[in-house]
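J.:
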Amino acid sequence: MLRQIEAWEDRDRNAGADLETSLTLADTAEELAAVLSPHVHAPYFGRMQVNIGGRTQALYIGKHAFQDLKGPHHVVSWESDVGGLFYQTRTEWTTPTRLRGTVLHKRQLDVRDKTLLRVSDLYDARAGGETGAREQVLIERLGEASTTGMRDVVQTLQPEQNDAVRLDAGRNCVIQGAAGSGKTTIGFHRLAWMAHPERRQHQADAAHCMVLMPNEILADYSRKVLPGLGLDAVTVTTPERWALGFLGVEKMTLEDRTLHLLLTDRDTTRRKQAWLRAKALGSARIEEVLRRHLRDRLQGNARATHLEQRSEYLGRTVTYRIDPPALALLIAQTVQVDSRLGYRHELTRQLHAHFAAQSGADAGDAAAQATWQDLLGRVLRQVFLGLQPVTETRRLLADPQRLQAIGADLLTRHQLHALTLDPLAGVPRARTASIDVVELPAILTCYALLSGIGRREGRALHEYAHVVLDEGQDYSPLMYRMMARATRPGHISVLGDLNQGLHGYKGPNDWREVEQVLGGAQVATLTRTYRSTREITAVAAQIAQTYNRSGSPVVGVDRSGEAVRRSEGLGLQGLAGEVRSLLAAGHRNIALVTRNVLEADRLSPALRLHDVDAQPITTEQCRYRGGVVVLPVHYAKGLEFDACVAVNADNDHYDPAVEYERRLLYVTVSRGLHALSLHAPGALHDLLKPPPPLHPVLA
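Numbers given in the working numbering equal positions in the sequence shown, counted from 1, plus 50.
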């Protein structure tokens, strides 16, 4: 590998027939060297002895494929079909040349800084198959300290995770996994697998892919896994930031008044109304409601459109004209075409054909198009007059009679009623122009119907090659519908956990609803959680079993650790002492997780008075840099820490009678890798009390 890199970096050896060719060859060689160089210190992590067509040979498994042209040591990439055998229980395969291959031996190699530190035999056909060492290698890796960024798990990918990564290419997929199951990491690994050339017609160009994360804090945390997987060019952002940028309204303030009401209002009726209104607004059927509304608006504008223009074409005068009946027919044909590029693009095509027929020219003749271009622009301006996605969507939603007229057969009576209510009237609005997150999918849909949706490249709109949606339980069905329109068919990967939904007022009721909206999807369930110790997992499982919707219990890796710490009746001084105790135990990255932003804002300066310096993470502009941090539960979601302190973990802060509150508590206690501390000023939450002893205690 070093010889190859040196050869690529030697510009004198990459000479062509002329100067331009030589420069091109040298630049290409340098790019190849740059790709391979990061793997020199650990070129492989596994070795398989295989028999192919009667010949036994060794294959090394690494993050990047490498063929040694002057020796027998070849490295196959983990994303390849052969590399996938390293993780699978399957031991036989057929090569592209139709030779039969059999795996004889698998060995894990711990290579760091060009030094072989450890060898673990995972599989030996002569000794009866699996050795059980794979679990031990995993447990040793899980025992390492947390980092400030997401890490790849290429070396310790487990069979069920590998199966999820390699779900059929070209088909949408949903990966359901409990907290700590690695589903987000697996989503990035699936994207790397999709980018491999062996995916053929389904191969995804990383530069044309996108990953949507729930917030910018987690997006920044996740971006750090990209270089190791060869995905540097992938766009990682949040659905709201992407949508605002696509709409061209980045400067508008984004707010979630529904969430604010749910967290602060004690009026059960208003909370229920706000929940139902948000669910109705995120229904996939809103797309058809908007279609009908826009159809009528376009036809209304067409009634006042009577235009004509005389132009010279091929030495003769041609009169181009469009009147209301002709335009109404073209609009009717336009709205019947389900084009990803939108009504404006389709109507433009229809108008070109209309004017071409009047001149006797070909619709694609550029010279002919120039003669009617001015008239075409005037027609489009008249037809789309006043149709701004934000204002038009709000105009429709504010008109109960209009909603009833066009949506009575699409929406249920309860949905229509919910849309006519305004439970958020008492929630303050931003002082600047703003968009609410629950109305954003409808506004995006309006824009998509009018002007199209997809990946912008200059003025053109293209399909995304592949899109990964993290925390998929918090996307509305309407948002799923829009992402499906923006992406190649069958190229959406959804990652989520129905038990961790913090925004149920937006999300689907179950994965079947997502399958229906996407037009089909394969579902994989990750049944194990790898993040936490046995002790922490038991606490999380105790909470999850009270509302489990995934159908699978939380099962942890058999990794023992510290006993869960429970502190009742201790004030701020006791909390600070707990943090110092965790630091003294060697835990570097510690999170104090609060119920909401206000508590986090108050806690950070208060801890400083007790000699504990904790960085507050209370907005999406904050970044996790390690150490001791204070953050609300909705920002902690997706992150992991050496130790976690659940602050104010009592019934007053997490109402045991409300499922949403129990979900928040589940997310809170499942953030720690090695240690969990439960802290309450009074009695701990009912679900956090220590379990009764298995045997009576003898006096």
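Note that CB positions come from ideal geometry on N, CA and C, so glycine has one too.
Since we're looking at a predicted model, the values are computed, not measured.
1) Tell whether a beta-carbon distance below 8 Å holds between residue 629 and residue 682.
2) Which residue from 467, 158, 669, 574 puts its Cα closest to that of residue 322?
3) What does a CB cutoff of less than 6 Å around residue 85 pick up in its chain, not counting 5 residues either side in sequence?
4) What does the Cβ neighbour count give for residue 653, buried or exposed, with the cut at 16 atoms within 10 Å?
5) If you follow the beta strand (DSSP E) that residue 208 is part of, which residue opens it and which one closes it?
6) Kindly indicate which three-state DSSP category residue 152 falls into: helix, strand or coil?
7) Would DSSP call residue 200 helix, strand or coil?
8) Where do the N-terminal and C-terminal ends of the alpha helix (DSSP H) with residue 381 fall, by residue?
9) For residue 610, is the classification buried or exposed, using 16 other Cβ atoms within 10 angstroms of its Cβ as the cut-off for buried?
10) What's the call for residue 435, buried or exposed, on a 16-neighbour Cβ count within 10 Å?
11) Using the DSSP secondary-structure output, state which residues sit across from residue 682 in a beta bridge.
12) What's the C-alpha gap between residue 308 and residue 533?
13) Relative to the alpha-carbon of residue 623, which residue among 567, 580, 658 has its alpha-carbon at the smallest distance?
14) Counting only the same chain and skipping the five closest in sequence on each side, list residues whose C-beta sits under 6 Å from that of residue 201.
15) Tell me which residue opens and which closes the alpha helix (DSSP H) that residue 722 is part of.
16) Would you list, in sequence order, the uninterrupted beta strand (DSSP E) runs of no fewer than 3 residues that lie entirely inside the segment 233 to 262?
17) By DSSP, does residue 587 sit in helix, in strand, or in coil?
18) Threshold first: 3 residues or longer. Then list the beta strand (DSSP E) segments lying entirely within the segment 458 to 508, N to C.
19) If you drop the 5 nearest sequence neighbours on each side, which residues of the same chain put their C-beta closer than 6 Å to that of residue 684?
20) Is the beta carbon of residue 239 less than 8 Å from the beta carbon of residue 268?
21) Do you know whose CA, among 675, 651, 110, 678, lies nearest residue 669's CA?
22) Write down the C-beta distance between residue 499 and residue 331 rounded to the nearest angstrom, noting that I regard them as a contact closer than 8 Å.
23) Hey, is the segment 500 to 507 in contact with the segment 475 to 485, meaning 3+ C-beta pairs nearer than 8 Å?
24) Return the chain-ordered ranges of every alpha helix (DSSP H) run that is complete within the segment 286 to 370 and spans a minimum of 4 residues.
25) Put residue 736 into one of helix, strand or coil per three-state DSSP.
26) Please list the terminal residues of the continuous beta strand (DSSP E) segment that includes residue 667.
27) Can you give the Cα-Cα distance for residue 205 and residue 617, rounded to whole angstroms?
28) Can you tell me the Cα-Cα spacing of residue 519 and residue 731, whole angstroms?
29) Report all residues from its chain with a CB closer than 6 Å to the CB of residue 402; omit the five preceding and five following residues, and keep chain order.
30) Is it the case that the Cβ atoms of residue 394 and residue 348 are separated by a distance below 8 Å?
31) Once DSSP output is grouped into helix, strand and coil, what is the label at residue 170?
32) Would you please state the rounded distance, in angstroms, between the beta carbons of residue 567 and residue 530? I believe it to be under 8 Å.
33) When you compare only the Cα positions, how much space is there between residue 388 and residue 671?
34) Under 8 Å, with one C-beta from each stretch per pair, do the segment 415 to 434 and the segment 352 to 363 reach the 3-pair mark?
35) For residue 645, which of 99, 313, 181, 674 has the nearest alpha-carbon?
36) If we count the other Cβ atoms within 10 Å of its Cβ and call it buried at 16 or more, is residue 464 buried or exposed?
T.: The answer reads as follows:
1) no
2) The candidate whose alpha carbon is nearest that of residue 322 is 467.
3) Per-residue confidence for residue 85 stands at a pLDDT of 48, beneath the threshold of 50, marking its modelled position as unreliable; no derived number is given.
4) buried
5) Note, residue 208: premise wrong, no beta strand (DSSP E); not H, not E.
6) strand
7) coil
8) For residue 381, the enclosing alpha helix (DSSP H) covers residues 374 to 386.
9) exposed
10) Taking a 10 Å sphere around the C-beta of residue 435, we find fewer than 16 other C-beta atoms and assign the residue as exposed.
11) For residue 682, the beta-bridge partners assigned by DSSP are 644.
12) 23 Å
13) 658
14) none
15) Unbroken run through residue 722 is the beta strand (DSSP E), 722 to 730; no alpha helix (DSSP H).
16) 259 to 262
17) DSSP places residue 587 in helix when its eight states are reduced to three.
18) 484 to 486, 505 to 507
19) 552
20) For residue 239 and residue 268, no; Cβs fall outside 8 Å.
21) 651
22) Not really, about 16 Å apart at Cβ, beyond 8 Å.
23) no
24) 289 to 297, 307 to 314, 318 to 331, 336 to 352
25) helix
26) Premise fails: residue 667 is in no beta strand (DSSP E) and is neither H nor E.
27) When rounded, the distance between both Cα atoms is 38 Å.
28) 38 Å
29) Cβ neighbours of residue 402 beyond the five flanking positions: 413.
30) No. Outside cutoff.
31) For residue 170, the secondary structure class from DSSP, reduced to helix, strand or coil, is strand.
32) 5 Å
33) Distance between the alpha carbons of residue 388 and residue 671 is about 38 Å.
34) In short, these stretches touch, since the Cβ pair count reaches three.
35) Here the closest residue by C-alpha is 313.
36) exposed
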